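Q: Sequences listed follow chains Z and X, in order.
The first sequence: position 65 = 65 (the numbering used here), numbered continuously.
The second sequence: position 150 = 1150 (the numbering used here), numbered continuously.
Every residue, glycine too, gets a C-beta built ideally from N, C-alpha and C.
All of these numbers come straight from a predicted model, not from anything done at the bench.
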Amino acid sequence: MENKGVMIFAEVTDGKLSPITRELLGAGRKLANDLGEELSAIIAGSGVVSTAAKIAAGVTDKVYVVDDPLLKDYCTEAYAAVVEKVCQIAHPRILLMGHTTIGSDLAPRAAFRMGTAAKTDCIALDIDDMNKQLLVTKPIFGGNALAVFTMETFPQVATIRVKSMTTQAVESTGKGEIIEVALGLDPAAVKTTVLQKVVAENEGVKLEDASVIITGGRGMGGPEGFKQLEELAKLLKGAVGASRPACDNGWVKDIMQIGLTGKIVSPDVYIAVAVSGTTQHLAGCSGARNIIAINKDPDANIFTEARFGVVGDWKKVLPGFEAEVKKLMGK
Amino acid sequence: MKMIVCVKQVLDPEAPPTKFKIDPNAYNVLMPSDAAPVLSPFDEQAVEAALRIKDANGGTISVISLGANLQRDVVKKPLSMGADELILLEDPAYVDGDSWSTGYALAAAIKKLGQFDLIFCGRQAADSDSGQVGAAIAEILGLTQVTVARKVEVMDGKVRVERVTADGYETIEAALPALITVSNELGEPRYATIKGIIEAKRKEPIVWKPGDIGLDTFKIGAAGSRTRMVKVYQPVHVSKCEMVAGANEEDAGKNLAKKMAEARLL
Ligand SMILES: Cc1cc2nc3c(=O)[nH]c(=O)nc-3n(C[C@H](O)[C@H](O)[C@H](O)COP(=O)(O)OP(=O)(O)OC[C@H]3O[C@@H](n4cnc5c(N)ncnc54)[C@H](O)[C@@H]3O)c2cc1C
Ligand SMILES: Nc1ncnc2c1ncn2[C@@H]1O[C@H](COP(=O)(O)O)[C@@H](O)[C@H]1O
């Protein structure tokens, strides 16, 4: 049977569509329009029917729902079985997922199970006019190069980097159809048990939502420096981030890591303090509208991405900066 | 515990970005920078995860690496850290594959090794940045997979994994055998000991050609790939940075605040 249409894998957090799902819907609709084919969504979990209805009424033509108490917690094998089953029914040409905790784990496994292939962490999607093949752009070598790939088997599976697709306002078709798929999942297919979920709370503004982020790198030298960044962040109503070495050294929590294997952020202002600006770090912050760099090394790579830069020791630059900010804010 | 760790030799990902070059004429060939190759960093952490279980529960660790021109001092590093044997899938037919054809060959080697309890991979290789080979091996061998681990323990015949999530972690339990991919949150890999380095020098890797593990060359490497690179290029960065100075560093900090205020960034 011929593979047709674009399908997205929807993720739900706290009963709401997660931000990546909105990005996927926008990107998926564009590809579907380019192809002149349908956009569908797959949603799986326990108690997800009402969220599915929202997606259906929104921008999709069809929503495949797999609602099963066994799907309450994510388990790779069980979810791969869901994806396989729905694709057997729908035969999509393209299947998109978010490059998230779930999507990055599920997409390759589901793709291989279906005898096809995936590309992960893609930042652009296009259709080849010649043969209707999906072309994905993906950073490789930590972002030192960009590669365009195509998959020669169907469905063509890709995971999309968070915040890489602009969330366009998705016009409602209002005609989306909900199709409930009975999977008849064997409890034995749930191979993993989630014993506990630990949320490392961060006080104040969430990194993902912050409009100002102050990030400290290895050059902060220890946890004390980060206290100063905290103070500044409070003043600017922003959040504190970190490069990987600052996390690996235990100066700050792991969840504060920005970059290729950390969080992807896109604030208005990103102040990088004592961060050298490796491609792996920039992968997480190059979406910022303005990067400000403070570094004692005039040749640090971070300056090539910055709008304003100061060459100097943060221990001396930051006090002046903070005093002036307070003055300008009338504090 | 019988454990297997898959490690990949890559160009040093920590080499300065300016050193990184692509040959524009060769279309999709990546030119090695003059930086020496290293083990992909997450793979060293995968070795460390296996060593910690060996310390706690006992067992053996077999390391497998696939590629061409594998530098012995690079791929022997896990041996000097405490792994027991090294298997190399070294042949031109193995290389230039995608995640699927690479995983396919690694799975065939693992089958030949026989019974095992745990397979470890890195969360992603530092060159492909893909994070898929582990899933390919798990799918072919029908294994439970848990990705992006920050802690791995074996107790009561089960594996307990702390898996990194966007806002913390979750603890997952699975039966053995299983495949785990490891992330940097696990902690620093240990240093090689002098004794380990001497032993590693003496140990010769076992080299398996495709025929040794029952593989047809059209199913591996570039020939066995399901994906194709259409284009590769280096993003160009035009630096537009305005440097802000001052009478001294503190003054430069003040001037930065003023500049930002002018640009409505405060
Ligand atoms: C596959 C892979 C994934 C990775 N993922 C990530 C990721 O998600 N996020 C991430 O950050 N990294 C990641 N890394 C690591 C990355 O390669 C770098 O090691 C890391 O980004 C460097 O962090 P840094 O800039 O803080 O440290 P360094 O590169 O050591 O830079 C420190 C900087 O501080 C400056 N400095 C020192 N002292 C002072 C001072 N007193 N005042 C002012 N400046 C000072 C120095 O000039 C230098 O530029 C990854 C690596 C790999 C291989
Ligand atoms: N050529 C290889 N030899 C051995 N292991 C590999 C190879 N390629 C990938 N792997 C393993 O699979 C992981 C993920 O690789 P990738 O899917 O390419 O990101 C790596 O961290 C390694 O553990």
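Under 7 Å between beta-carbons, which chain Z residues line up against X:Asp1012? List them in chain order, please.
A: Near X:Asp1012 there are no residues of chain Z at all, since even the closest Cβ is about 10 Å away, more than 7 Å.
Q: How would you write the range of the alpha helix (DSSP H) that Z:Leu235 sits in, first residue to last?
A: Pro223 to Leu235
Q: At which residues does the alpha helix (DSSP H) containing X:Ser1101 begin and terminate?
A: Ser1099 to Leu1113
Q: Does ligand 1 have even one heavy atom less than 8 Å from the beta-carbon of X:Glu1188?
A: no
Q: Just the chain X side, please: which residues come within less than 9 Å of Z:Leu134 by C-beta, in chain order?
A: Simply none; closest approach about 11 Å.
Q: If X:Val1230 and Z:Phe149 are in contact, beta carbons under 8 Å, what's the gap, nearest whole angstrom?
A: 6 Å
Q: Taking contact to mean 3 or more Cβ pairs, one atom from each stretch, closer than 8 Å, check whether the segment 95–111 of chain Z and the segment 3–20 of chain Z are in contact.
A: yes
Q: Classify Z:Arg109 as buried or exposed, calling it buried when 16 or more other Cβ atoms lie within 10 Å of its own Cβ.
A: Z:Arg109 should be labelled buried.
Q: Give me the residue from Z:Ala56, Z:Met114, Z:Arg22 and Z:Asp67 with the minimum Cα distance to Z:Met97.
A: Z:Arg22
Q: Output, in chain order, the set of chain X residues within a Cβ distance shorter than 9 Å of Z:Asp248.
A: Asn1184, Glu1185, Gly1187 and Glu1188
Q: For X:Phe1020, tell me which candidate among Z:Met1, Z:Thr278, Z:Val310 and Z:Thr13 has the shortest Cα-Cα distance.
A: Z:Thr278
Q: Between the beta-carbon of X:Ala1068 and the beta-carbon of X:Ile1213, is there less than 9 Å?
A: Going by C-beta atoms, X:Ala1068 is not nearer than 9 Å to X:Ile1213.
Q: Figure out for me which residue from Z:Ile42, Z:Lys138, Z:Gly330 and Z:Val310 has the closest Cα to the Cα of Z:His334.
A: Outside the shown range of chain Z, which is 1 to 331, sits residue 334 of chain Z, and nothing can be said about it.
Q: If you measure beta-carbon to beta-carbon, which residues of the segment 1088–1103 of chain X are closer than 9 Å to chain Z?
A: For the segment 1088–1103 of chain X, the residues whose beta carbon sits under 9 Å from a beta carbon of chain Z are, in order, Asp1098, Ser1099, Trp1100 and Gly1103.
Q: Please identify, using Cβ separations under 7 Å, the residues of the segment 134–162 of chain Z that lie next to chain X, in order along the chain.
A: Listed by position, the residues of the segment 134–162 of chain Z near chain X (Cβ gap below 7 Å) are Leu135, Pro139, Ile140, Phe141, Gly142, Asn144, Ala145, Leu146, Ala147, Val148, Phe149, Thr150, Met151, Glu152 and Thr153.
Q: So if I threshold CB-CB distances at 8 Å, which residues from the segment 302–321 of chain Z count as touching chain X?
A: Phe303, Thr304, Glu305, Ala306, Arg307, Phe308, Gly309, Val310, Val311, Gly312, Asp313, Lys316, Val317, Leu318, Pro319, Gly320 and Phe321
Q: Look at Z:Ile255 and Z:Ala210 and say whether their C-beta atoms are less than 9 Å apart.
A: No, Cβ-Cβ distance for Z:Ile255 and Z:Ala210 is not below 9 Å.
Q: Quick one: does the C-beta of X:Thr1018 sit closer than 8 Å to a heavy atom of ligand 1?
A: no
Q: In this structure, does DSSP put Z:Phe154 in helix, strand or coil?
A: DSSP, read as helix, strand or coil, puts Z:Phe154 in coil.
Q: Please name the residue or residues paired with Z:Leu335 in a DSSP beta bridge.
A: Given a span of 1 to 331 for chain Z in the structure shown, any question on residue 335 of chain Z remains unanswerable.
Q: For Z:Leu195, count neighbouring Cβ atoms within 10 angstroms of its own Cβ and tell me buried if that reaches 16, exposed if not.
A: exposed
Q: Counting contacts by CB-CB distance shorter than 9 Å, is Z:Ala124 in contact with chain A?
A: The chain labelled as chain A is not found among the protein chains of the depicted structure, namely Z and X.
Q: With hydrogens ignored, establish whether the beta-carbon of X:Arg1123 is closer than 8 Å to any heavy atom of ligand 2.
A: yes
Q: In or out: X:Tyr1114 buried (at least 16 other Cβ within 10 Å) or exposed?
A: Looking at the sequence provided, one finds Gly at residue 1114 of chain X rather than Tyr. Classification of X:Gly1114: exposed, given that the 10 Å Cβ count is below 16.
Q: Please check the pair Z:Ile292 and Z:Ala283, which I expect to be a contact at CB under 8 Å, by giving their CB distance rounded to whole angstroms.
A: About 18 Å separates the two Cβ atoms, so there is no contact after all.
Q: Can X:Leu1141 and X:Ile1119 be called in contact, C-beta distance under 9 Å?
A: Their beta carbons are under 9 Å apart, which means X:Leu1141 touches X:Ile1119 by this criterion.
Q: On the CB-based measure, 16 or more other CB atoms within 10 Å of its CB, does Z:Met329 come out buried or exposed?
A: exposed
Q: X:Arg1163: buried (16+ other C-beta within 10 angstroms of its C-beta) or exposed?
A: So X:Arg1163 ends up on the buried side.
Q: Quick check on X:Phe1020 - is its C-beta less than 9 Å from some C-beta in chain Z?
A: yes
Q: In the segment 58–122 of chain Z, which residue ranges form an unbroken beta strand (DSSP E) of at least 3 residues, counting only runs that do not cross its ends?
A: 62–67, 94–98 and 118–122
Q: Leaving out five residues on either side along the sequence, give the residues of the same chain with a beta carbon under 6 Å from the beta carbon of Z:Thr76.
A: Asp105 and Arg109
Q: Which residue wins for smallest C-alpha separation from Z:Ile339, given the options Z:Lys72, Z:Gly45, Z:Ser46 and Z:Glu152?
A: Examination of residue 339 of chain Z is not possible in this model, given that chain Z is present from 1 through 331 alone.
Q: How is Z:Ile302 classed by DSSP in three states: helix, strand or coil?
A: helix
Q: Reducing DSSP to helix, strand and coil, say where Z:Tyr270 ends up.
A: strand
Q: Does the beta carbon of Z:Lys331 come closer than 9 Å to any beta carbon on chain X?
A: no
Q: I need the DSSP call for X:Ser1239, collapsed to helix, strand or coil.
A: coil
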